[in-house]
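> Protein chains in written order, with my numbering: chain A, 3 to 330; chain B, 549 to 1049.
Okay, handing you the structure first.
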Amino acid sequence: MTEVLIDLVLLGMLAMTALRVIFLKDLFAVVMLFSIFSFVSALIFINLDAVDVAFTEAAVGAGISTVLMLGTIALTGRTEKKNSHSSILHLVVVCVTGAALIYGTMDMPPFGNADNPIHQHVAPRYIEDSPKEVGLPNIVTSVLASYRGFDTLGETVVVFAAMIGVLSLLGTARPTNKRATPESGLAKHRVLHVVAKIIIPFIILFALYVQFHGDYGPGGGFQAGVIAAAALILYALVFGASFAHRIVSPRQLEVFAPLGVLLYASVGLVGMIKGANFLDYNVLASTAAAGQHYGIIIIELGVGLTVFAAMLGLFYAFSNQVERSNVQ
Amino acid sequence: MLEQHLPALAILLPLIAAPIVFILGRSTVVWLLATFTGAWASIVAFQLLLTTLAEGAIHYSLGGWSAPWGIELTVDALNAFVLLAVTGVSTMVLVYSKESIAKEIDKAKHGFYYTAYLLAMAGLSGILITGDAFNLFVFLEISSLATYTLVSLASDRRCLTAAFRYLIMGTIGATFILIGVGLLYMKTGTLNMLDLAERIAAFDRSRTINTGLAFIVVGVSIKLALFPLHRWLPPAYTYAPSAVSSFLASTATKVAVYVLIRFIFTIFGPDYVFYDMGMDMVFMFLAIVAIFKCSYMAAVQNNVKTILAFSSVAQVGYMVLGISLVTTTGLMAGLIHIFNHALMKSALFMAVGAVFYRVGSVEVHAFKGMGKQMPFTMAAFTIAGLSIIGVPLTAGFVSKWYLVSAALQQNLWVIAVLILLGSLLAIVYIGRIVEAAYFHDVPEGRDASKLKEAPLLMLIPMWVMVLANLYFGIDTSLTTEAVGHASEWLFQSTELLEVAQ
Chain A
3 MTEVLIDLVL LGMLAMTALR VIFLKDLFAV VMLFSIFSFV SALIFINLDA
53 VDVAFTEAAV GAGISTVLML GTIALTGRTE KKNSHSSILH LVVVCVTGAA
103 LIYGTMDMPP FGNADNPIHQ HVAPRYIEDS PKEVGLPNIV TSVLASYRGF
153 DTLGETVVVF AAMIGVLSLL GTARPTNKRA TPESGLAKHR VLHVVAKIII
203 PFIILFALYV QFHGDYGPGG GFQAGVIAAA ALILYALVFG ASFAHRIVSP
253 RQLEVFAPLG VLLYASVGLV GMIKGANFLD YNVLASTAAA GQHYGIIIIE
303 LGVGLTVFAA MLGLFYAFSN QVERSNVQ
Chain B
549 MLEQHLPALA ILLPLIAAPI VFILGRSTVV WLLATFTGAW ASIVAFQLLL
599 TTLAEGAIHY SLGGWSAPWG IELTVDALNA FVLLAVTGVS TMVLVYSKES
649 IAKEIDKAKH GFYYTAYLLA MAGLSGILIT GDAFNLFVFL EISSLATYTL
699 VSLASDRRCL TAAFRYLIMG TIGATFILIG VGLLYMKTGT LNMLDLAERI
749 AAFDRSRTIN TGLAFIVVGV SIKLALFPLH RWLPPAYTYA PSAVSSFLAS
799 TATKVAVYVL IRFIFTIFGP DYVFYDMGMD MVFMFLAIVA IFKCSYMAAV
849 QNNVKTILAF SSVAQVGYMV LGISLVTTTG LMAGLIHIFN HALMKSALFM
899 AVGAVFYRVG SVEVHAFKGM GKQMPFTMAA FTIAGLSIIG VPLTAGFVSK
949 WYLVSAALQQ NLWVIAVLIL LGSLLAIVYI GRIVEAAYFH DVPEGRDASK
999 LKEAPLLMLI PMWVMVLANL YFGIDTSLTT EAVGHASEWL FQSTELLEVA
1049 Q
């Protein structure tokens, strides 16, 4: 009963946030509301016991994408332009789509029922056999990294493709010739400096924990990559991009992102050389369980590397543009 | 050893080459590597087609996990046939790219071009041969992101708005497909296509499945630019670099037509989609409007790339019309036209790109006098144009022939006449350009001595496509055998399922 109540409250907040976004003209506020929207969605996912999804939503939706959208606003301006088009047709299309979705829910299996098809068809094998077959306590990681590892390879390539797209538009950030000086960034904010210096090591430590503990608890390469990128973005924001470039340069990121994809694919290729199908980890080591374990650790590293490089690369590209437009 | 891995290789070759190309950066090496990858992928596709025709469908379990728990690649005559067209044409366009993008894309962005191109190829191949509905969505994302990037690479700033429009519409389409697949998953608990088909049969007419069908059909229709959801396409093809227009026009929408066929015939079943839901009438109506409205739009444009873009939407109309006839011959006509249209449109866009290379414009008046100045390019354009019209001895004739006979089989005289009238409109829009090229002199003020024939590296791939148009117009054994098998299988897919279980 309480769970239903919590769901209702959260869904209500979600709807209110969405409505507010539609009518607001101030884009800065819209971005903040988007962040809240993601955060509330993450809470709903937790209530659905989908902790891994909630984790990703919080890290990507509420975290990184907010930073990137703020970067966009810094380039484009803060208020929405007046829309000259008539929007009645659009409204009709949206209403029809919404009505269709509601119509579709009418024969939906009852919410949370254990007899639903999604719990009865493929799921039982994942739940009962994955500890034996894959050997990981976290079933979500087993499904993502092993049973459906090809999807995850695809998703990693999606992240890489997104990076290619943004970098081709914004131009790759080249390190500036001027020496990194403390004037860049939020130099005068001493409190920020001290706090950032204290928490950045812990963020990186947490990223490593999420990376390597994904087999046992919620987490994995996606979340870890995002968190590690967040640590460096915080560093770049507080101390200036040129300092961050000295730790990881844009050029290095342009190598890391494709390297992560290659690392992932190479695990599959090794399986092929050893006579099994692509992405079969069983043949990687002497026993199937050890093979699965090695395979998953390496592909998670590949995912982490690509996601880290892509997220930080996107941020660099945006901050580079902002700097350039400030100079002009 | 490689034989057993052919299905995986078809996706992996471009997928692995893309990051390597990005690391290597800009140079001739990258072009060579990309072309080599494309050629290898085409050979793989050809081997796959021969194997499926001889031995039936190939199943490849990724990670060694059998379906429906793991992801399976399923290759049959249908997708092997489309894969051959996609990889073959993309390889030819890659050869053509070297000279063409040197003129149209900033040199610093050549690395991005080849990376995005290979990613798009990997995505399209993945969509084609995966046997898993969600995996299809993942590859759709890869190919979509890569194609938006490709469109935005042109030096003409207007390509940015076109790419943005394409991105918005494409994302809506992809989201609709995802919602649809989600609804199916909710009701069936599976994502494997064959498994879905079997379990949907038990639930059809449920509101959730109906809604899933509606979302998937609308989403895919945006992707294949079915009238009236085509409005993103003309600007995207007009302002994209010529090589990209050539690549997209011959592959991206074709793969979307394949997705439509796969969802209707393999997953939902033609009985449910056409007889219960009555979608055939909807498709037929939209296809005919598309043929006439967009052929007319093509006839009144002044930009040759826009003309070809509108022509593409009209040609998609012919494919959908074939599907909507709900007969084996109709489906064969649609499938053959996927293949043949890839051959003709790539050749046409390559010729236009060659004219742009020399003249720097793609307006109709820029073609004036080009018949004399660039004889090989304009001859290629004319032959490919005849193929679009459907003149005998060209590939286009074969498509039209099957389409008309499919209509006549069902005594749909009106449809048959409409198809022929549509061809008349094609004569108008192709004729205008050919007339400008052969019956006008180079306009005053343009130095005719500078307007030489296009470089050999552009002419060779262009003529390979033109010769393919003639070859598949005369010897139709490969195409008809492949599509014959494919459409028979598709209509028997429900029976096949029972055998497979």
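Backbone N, C-alpha and C define an ideal beta-carbon position, used for all residues, glycine too.
Got a sec: is the Cβ-Cβ distance from P555 of chain B to anything in chain A below 7 Å?
Translated into positions along the second sequence, residue 555 of chain B becomes position 7. It does not; no Cβ of chain A falls within 7 Å.
> Hey, does V160 of chain A have any beta-carbon neighbour from chain B nearer than 7 Å?
Taking the first sequence and counting its residues from 1, the one referred to as residue 160 of chain A is at position 158. So, interface residue.
> Mind checking if V96 of chain A is an interface residue toward chain B, Cβ cutoff 7 Å exclusive?
Taking the first sequence and counting its residues from 1, the one referred to as residue 96 of chain A is at position 94. Not one chain B Cβ lies under 7 Å of V96 of chain A.
> Tell me which residue opens and which closes the alpha helix (DSSP H) that I675 of chain B is part of.
Translated into positions along the second sequence, residue 675 of chain B becomes position 127. Here the alpha helix (DSSP H) through I675 of chain B covers 658 to 677.
> Given that a residue counts as buried once 16 or more other Cβ atoms are within 10 Å of its Cβ, and exposed if not, what is P616 of chain B?
Indexing the second sequence from 1 puts residue 616 of chain B at position 68. Buried: at least 16 other Cβ atoms inside 10 Å.
> Is M867 of chain B buried or exposed, if buried means 16 or more other CB atoms sit within 10 Å of its CB?
Here residue 867 of chain B is taken as the residue at index 319 of the second sequence, counted from 1. Counting C-beta atoms within 10 angstroms of its own C-beta, M867 of chain B has 16 or more neighbours from the protein chains shown and is therefore classed as buried.
> Given a threshold of 16 other Cβ atoms within 10 Å of its Cβ, counted over all protein chains shown, does N850 of chain B qualify as buried or as exposed?
Residue mapping note: residue 850 of chain B aligns to position 302 of the second sequence, counting from 1. N850 of chain B should be labelled exposed.
> Taking a Cβ distance cut-off of 8 Å, strictly less, list which residues of the stretch 296 to 326 of chain A are near chain B, in chain order.
none
> Cα separation between W579 of chain B and Q595 of chain B?
Position 31 of the second sequence, counting from 1, holds the residue named residue 579 of chain B. Position 47 of the second sequence, counting from 1, holds the residue named residue 595 of chain B. Their backbone Cα atoms lie some 24 Å apart in a straight line.
> Going by the CB atoms, is the gap between W1011 of chain B and A928 of chain B shorter than 7 Å?
Translated into positions along the second sequence, residue 928 of chain B becomes position 380. Translated into positions along the second sequence, residue 1011 of chain B becomes position 463. Yes, Cβ-Cβ distance for A928 of chain B and W1011 of chain B is below 7 Å.
> Check distances from the C-beta atoms of the stretch 605 to 628 of chain B to those of chain A and list, in chain order, the residues that come in under 7 Å.
Y608, S609, L610, G611, G612, W613, P616, W617, G618, I619
> Here's a check: name, in chain order, each residue in its chain whose Cβ is nearer than 7 Å to the Cβ of G65 of chain A, leaving out the five neighbours to either side.
As a first step, residue 65 of chain A is located in the first sequence; it is residue number 63 there, counting from the start. V228, A232.
> Is there a C-beta anywhere in chain A that falls below 7 Å from the one on I690 of chain B?
Taking the second sequence and counting its residues from 1, the one referred to as residue 690 of chain B is at position 142. Output row for I690 of chain B: interface = yes.
> Which same chain residues end up closer than 7 Å to M15 of chain A when comparing Cβ atoms and leaving out the 5 residues on each side of it in sequence?
The residue labelled residue 15 of chain A in the question sits at position 13 within the first sequence. The residues are V42.
> Just the Cα atoms here: how many angstroms apart are T663 of chain B and L672 of chain B?
As a first step, residue 663 of chain B must be located in the second sequence, where it is residue number 115. As a first step, residue 672 of chain B must be located in the second sequence, where it is residue number 124. About 14 Å.
> Quick check on DSSP: helix, strand or coil for I619 of chain B?
One-based indexing of the second sequence puts residue 619 of chain B at position 71. In the displayed model, I619 of chain B falls within coil according to three-state DSSP, outside both helix and strand.
> Ignoring anything shorter than 4 residues or poking outside the stretch 47 to 72 of chain A, list the alpha helix (DSSP H) runs there in chain order.
53 to 58
> The beta strand (DSSP E) that contains S321 of chain A, what's its start and end?
The residue given as residue 321 of chain A occupies position 319 in the first sequence. S321 of chain A -> not in any beta strand (DSSP E); alpha helix (DSSP H) instead, spanning 290 to 329.
> Which residues mark the beginning and the end of the beta strand (DSSP E) in which S860 of chain B is found?
One-based indexing of the second sequence puts residue 860 of chain B at position 312. For S860 of chain B, no beta strand (DSSP E) segment is defined; the enclosing uninterrupted segment is the alpha helix (DSSP H) at 852 to 872.
> Quick one: which chain B residues come within Cβ less than 7 Å of D109 of chain A?
In the first sequence, the residue the question calls residue 109 of chain A occupies position 107. Here the neighbours are S754, R755, T756.
> Grab me the residues of L666 of chain B's own chain with a C-beta within less than 7 Å of its C-beta, minus the 5 sequence neighbours each way, in chain order.
For this step, residue 666 of chain B is matched to residue 118 along the second sequence. Its chain contains P562, A565, A566, V569, A582, T585 as the residues whose beta carbon lies nearer than 7 Å to that of L666 of chain B, once the 5 sequence neighbours on both sides are disregarded; these appear in chain order.
> Residues in its own chain within less than 7 Å of S1035 of chain B by CB, not counting five upstream and five downstream?
As a working note, residue 1035 of chain B is residue 487 in the second sequence. Taken in chain order, the residues that qualify are T876, L879, M880, L883.
> For chain B, is any of its Cβ atoms less than 7 Å away from the one on M34 of chain A?
Residue numbering aside, residue 34 of chain A sits at position 32 when the first sequence is read from its first letter. No, because no Cβ of chain B sits closer than 7 Å to the Cβ of M34 of chain A.
> Any idea if N140 of chain A is buried or exposed, counting beta-carbon neighbours within 10 angstroms, 16 or more meaning buried?
Here residue 140 of chain A refers to the residue found at position 138 of the first sequence. Buried: at least 16 other Cβ atoms inside 10 Å.
> Mapping the DSSP letters down to three states, classify S575 of chain B as helix, strand or coil.
The residue you call residue 575 of chain B lines up with position 27 of the second sequence. Note: S575 of chain B maps to coil in three-state DSSP.
> Starting from I809 of chain B, follow the alpha helix (DSSP H) in both directions and report where the run begins and ends.
Locating residue 809 of chain B in the second sequence gives position 261, counting from the first residue. Per DSSP, I809 of chain B belongs to the alpha helix (DSSP H) from 790 to 809.
> Between S909 of chain B and chain A, is any beta-carbon pair separated by less than 7 Å?
On the second sequence, residue 909 of chain B is found 361 positions in, with the first residue counted as 1. It does not; no Cβ of chain A falls within 7 Å.
> Which residue's Cα is closest to the Cα of T78 of chain A: A:L50, A:I38, A:L303, A:L29?
Position 76 of the first sequence, counting from 1, holds the residue named residue 78 of chain A. When each option's Cα is compared against that of T78 of chain A, the closest is A:L29.
> Check this for me: beta carbons of A838 of chain B and G865 of chain B, under 7 Å apart or not?
On the second sequence, residue 838 of chain B is found 290 positions in, with the first residue counted as 1. On the second sequence, residue 865 of chain B is found 317 positions in, with the first residue counted as 1. Against a cut-off of 7 Å, the Cβ pair of G865 of chain B and A838 of chain B comes out as a contact.
> Could you name the residues of chain B that N115 of chain A contacts, counting a contact when the two beta carbons are closer than 7 Å?
Locating residue 115 of chain A in the first sequence gives position 113, counting from the first residue. Neighbours of N115 of chain A on chain B: none; closest Cβ ~12 Å, over 7 Å.
> Which residue comes first and which comes last in the beta strand (DSSP E) that contains L815 of chain B?
The residue labelled residue 815 of chain B in the question sits at position 267 within the second sequence. The identity of residue 815 of chain B in the sequence shown is Ile, whereas the question assumes Leu. First-last for I815 of chain B: undefined, no H or E at that position.
> With distances taken from CA atoms, which of A:S327, A:L271, A:N322 is nearest G611 of chain B?
Position 63 of the second sequence holds residue 611 of chain B. It is A:L271.
> With respect to the alpha helix (DSSP H) encompassing I716 of chain B, which residues constitute its N-terminal and C-terminal limits?
Residue 716 of chain B sits at position 168 when you count from the first residue of the second sequence. Taken as a continuous stretch (DSSP letters only), the alpha helix (DSSP H) holding I716 of chain B covers 706 to 736.
> Shorter than 7 Å from the beta carbon of H247 of chain A to some beta carbon of chain B?
To locate residue 247 of chain A, count along the first sequence from 1; it is residue 245. Not closer than 7 Å to any Cβ of chain B, the Cβ of H247 of chain A fails to qualify, so no.
> If you run the structure through DSSP and keep just helix, strand and coil, what is S609 of chain B?
The residue given as residue 609 of chain B occupies position 61 in the second sequence. Three-state DSSP puts S609 of chain B in a strand.
> For a test of the three-state rule: what should DSSP assign to E82 of chain A, helix, strand or coil?
Indexing the first sequence from 1 puts residue 82 of chain A at position 80. If DSSP states are grouped into helix, strand and coil, E82 of chain A belongs with coil.
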